[in-house]
Amino acid sequence: MNTLPDGVTSETWCGIEALRVETPFSVARISLHGGQLLSFTPNGFDDLLWVSPTTSLPPKAIRGGVPVCWPYFGKQGQPDGAVQHGHARISRWPLTEAKREADGTAVLKLALPLRDGVPLELQMSLHIGRELRQSIDTLHRGDAPYRLTQALHTYFRVADVTQATVTGLEGLRYDDKYDGGTHVQSGDWSLRDPRDPGRSDRIYIGTGHRFDLLDPAGGRRIRLDTFGSRSLVVWNPGEAGAAAIGDMPDDGWRTFVCLEAANASDDAIELEPGQRHRLSQVVSVAAL
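The sequence shown begins at 2 in the working numbering and counts up by one.
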């Protein structure tokens with residue numbers, strides 16, 4: 002679209018061309034590169050999202066915010082040379098619609114252009130107001146079944162990740178990327194887990210849809226509700242892992258944790274021709 006509505010402006014933020022969206026309740030920023038939400042700041046709170054201050058810039062993938070991993074997560078089912086997490090996060094997404102609801106909430110819609118060899122259409126909806134509502138809708142346009150894995154790879158900002166906990170996971174089975182094993186969660190998630198302290202790369206399987214990220218150092222609780230998903234990825238590279246990531250400061254791991262609404266591992270989606278699937282999340286915040 003050529004004309005932006007009131008409250009939506011173009012700007013350069015952290016070296017990235019972005020749309021700034023201002024509502025009576027919050028401010029958000031979105032990069033059309035990757036269709037990537039970069040920032041969501043509700044009134045009275047600091048930004049809920051984290052972007053690396055040393056992130057790579059477009060046309061490379063942006064480190065932080067909410068990357069869209071699609072049409073596969075990681076390299077599940079893909080050859081070794083495949084692009085990590087798929088092409089959606091390194092493609093330009095045209096803005097197809099922007100409007101206001103009666104209360105001032107902004108609604109934006111973006112679409113990922115079709116790609117040769119991928120018989121899927123992808124659209125995204127963002128509702129930016131008192132809370133953030135984000136969904137990605139996949140439509141299978143091909144003539145044979147398609148196995149879809151995906152994630153909204155959300156980087157949540159915390160004041161001190163070593164104090165943070167995540168509820169809603171106790172008793173769930175998870176695949177651990179570090180040791181290749183399957184384990185059962187005991188208590189809430191934290192980096193203080195004695196089984197593998199100081200880092201996390203887990204796919205929780207058979208999850209519910211509500212998780213609370215408790216950030217006592219920041220004095221807030223971030224709530225994540227997920228829909229169309231029965232798996233949740235929890236990732237933080239820890240000190241050694243962060244030092245090996247080129248577009249992240251060595252101490253960057255201390256101020257974020259990724260909670261990723263996903264269809265991954267056993268939760269892959271088998272799409273028949275003509276079928277749709279929606280993966281969505283709702284993010285809100287309250288003081289502790």
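Backbone N, C-alpha and C fix where the C-beta goes; we use that ideal spot for every residue, glycine too.
Quick caveat: nothing in here was measured; it's all calculated off a predicted structure.
For this session: Indicate whether Thr155 and Leu280 have their beta-carbon atoms separated by less than 8 Å.
Result: No; because the gap between Cβ atoms is not below 8 Å, this pair is not in contact.
Problem set entry | Val1 versus His141: straight-line alpha-carbon distance, rounded | The chain is shown from 2 up to 289; residue 1 falls before or after that span and cannot be answered.
For this session: Hey, could you find the ends of the alpha helix (DSSP H) Ala241 is sitting in?
Result: From DSSP, the alpha helix (DSSP H) with Ala241 extends over Gly239 to Ala244.
Problem set entry | Residue of Ser57, Leu272, Asp248 and Pro54 minimising C-alpha distance to Ser145 | In the sequence under discussion, the amino acid at residue 145 is Ala, which differs from the Ser named in the question. Cα-wise, what sits closest to Ala145 is Leu272.
Exercise. Assuming Leu233 contacts Phe212 under a Cβ cut-off of 8 Å, what Cβ separation, rounded to an integer in Å, is found between them?
Worked result: Right, their Cβ atoms sit about 7 Å apart.
For this session: Helix, strand or coil for Thr163, going by three-state DSSP, please let me know.
Result: Three-state DSSP puts Thr163 in coil, outside helix and strand.
Exercise. If you check the beta carbons only, do Trp94 and Leu39 fall under 8 Å apart?
Worked result: Judged by their CB atoms, Trp94 and Leu39 are not nearer to each other than the 8 Å cut-off.
Exercise. Grouping DSSP H, G and I as helix and E and B as strand, with all else coil, what is Trp236?
Worked result: It is a strand residue.
Exercise. So Gln282 is in the beta strand (DSSP E); what residue range does that whole segment cover?
Worked result: Gln282 -> beta strand (DSSP E) spans Arg277 to Ala288.
Exercise. Between the C-alpha atoms of Ile31 and Gly143, what's the straight-line distance to the nearest angstrom?
Worked result: Cα-Cα distance, rounded: 30 Å.
Exercise. Exposed or buried, Arg196, counting other C-beta atoms within 10 Å across all chains shown (16 or more means buried)?
Worked result: It is exposed - the Cβ of Arg196 has fewer than 16 other Cβ atoms within 10 Å.
For this session: Would you tell me roughly how many angstroms separate the C-alpha atoms of Thr183 and Thr208, rounded to the nearest one?
Result: The alpha-carbon of Thr183 is positioned some 15 Å away from that of Thr208.
Exercise. Under the three-state reduction of DSSP, which class applies to Asp202: helix, strand or coil?
Worked result: Looking at Asp202 - three-state DSSP - the assignment turns out to be strand.
For this session: Taking all protein chains shown into account, decide if Gln298 is buried (16 or more other Cβ within 10 angstroms of its Cβ) or exposed.
Result: This structure gives no information on residue 298, because the portion of the chain shown stretches from 2 to 289.
Problem set entry | Continuous beta strand (DSSP E) stretch holding Asn264: start and end | Taken as a continuous stretch (DSSP letters only), the beta strand (DSSP E) holding Asn264 covers Phe257 to Asn264.
Exercise. What number of angstroms, rounded off, separates the C-alpha of Gly229 from the C-alpha of His278?
Worked result: A straight line joining the alpha-carbon of Gly229 with that of His278 spans about 7 Å.
For this session: Give the single residue among Gly35, Ile137, Gln186 and Gly220 whose Cα lies nearest to the Cα of Ile17.
Result: Ile17 has its Cα closest to that of Gly35, out of Gly35, Ile137, Gln186 and Gly220.
Problem set entry | Beta-bridge pairing of Tyr156 - partner residues as DSSP gives them | BP columns for Tyr156 point to Cys259.
Exercise. So is Asp268 buried or exposed if we call it buried at 16+ other beta carbons inside 10 Å?
Worked result: Asp268 should be labelled buried.
Problem set entry | Top-ranked residue by Cα proximity to Pro60, from Gly172, Gln85, Leu20 and Arg90 | Put simply, of Gly172, Gln85, Leu20 and Arg90 the residue whose alpha carbon is nearest the alpha carbon of Pro60 is Arg90.
Exercise. DSSP on Trp254, reduced to helix/strand/coil?
Worked result: Trp254: helix per DSSP, three-state reduction.
Exercise. With contact counted as at least three CB pairs below 8 Å, one residue from each stretch, are the region 247-265 and the region 48-59 in contact?
Worked result: Three or more beta-carbon pairs drawn from the region 247-265 and the region 48-59 are found closer than 8 Å, and the two stretches are therefore classed as touching.
Exercise. Beta carbon of Leu73, beta carbon of Thr150: below 8 Å?
Worked result: In the sequence under discussion, the amino acid at residue 73 is Tyr, which differs from the Leu named in the question. Contact flag set, yes.
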